[in-house]
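Read the structure below first, then the notes.
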Amino acid sequence: MSQLLETKIPSRIYQDFVFLKTKIVVNTLANEARCYVCSKGLEDGFSVTAKNTIFGTLLFCDKHYSTN
Ligand SMILES: [Zn+2]
133 MSQLLETKIP
143 SRIYQDFVFL
153 KTKIVVNTLA
163 NEARCYVCSK
173 GLEDGFSVTA
183 KNTIFGTLLF
193 CDKHYSTN
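Taking our numbering, the leading residue of the sequence shown gets 133, the next gets one more, and so forth.
Here it is in structure tokens:
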């Protein structure tokens with residue numbers, strides 16, 4: 133499939149395809165944003181903020197963000 137795209141389709145269209153694929157990945161991550169401690173998310177009315185910890189980048193709600 134990728135070999136067919138590189139040889140038969142102009143490179144501009146191939147780049148548009150890559151951009152569309154990246155956009156879908158970003159939307160998926162936003163929907164799954166939940167607090168690392170209580171698993172509350174945007175659907176529960178909580179704002180979720182990313183924070184760098186010794187375990188990596190974790191997400192916390194406004195209640196648990198200041199306590200970690
Ligand atoms: Zn929380």
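Glycine included, every Cβ here is placed at the ideal spot set by N, Cα and C.
Boundaries for residue 177: no beta strand (DSSP E) harbours it, and the DSSP string shows neither H nor E there.
If you draw a straight line from the Cα of residue 192 to the Cα of residue 180, it is about 5 Å long. Going by DSSP, residue 193 is part of the beta strand (DSSP E) stretching over 188–193.
When the Cα atoms are used, residue 195 and residue 189 turn out to be separated by approximately 17 Å. In this structure, the C-beta of residue 192 approaches ligand 1 to less than 7 Å from one of its heavy atoms. Approximately 6 Å separates the beta-carbon atoms of residue 165 and residue 173; this is inside 8 Å, confirming the contact.
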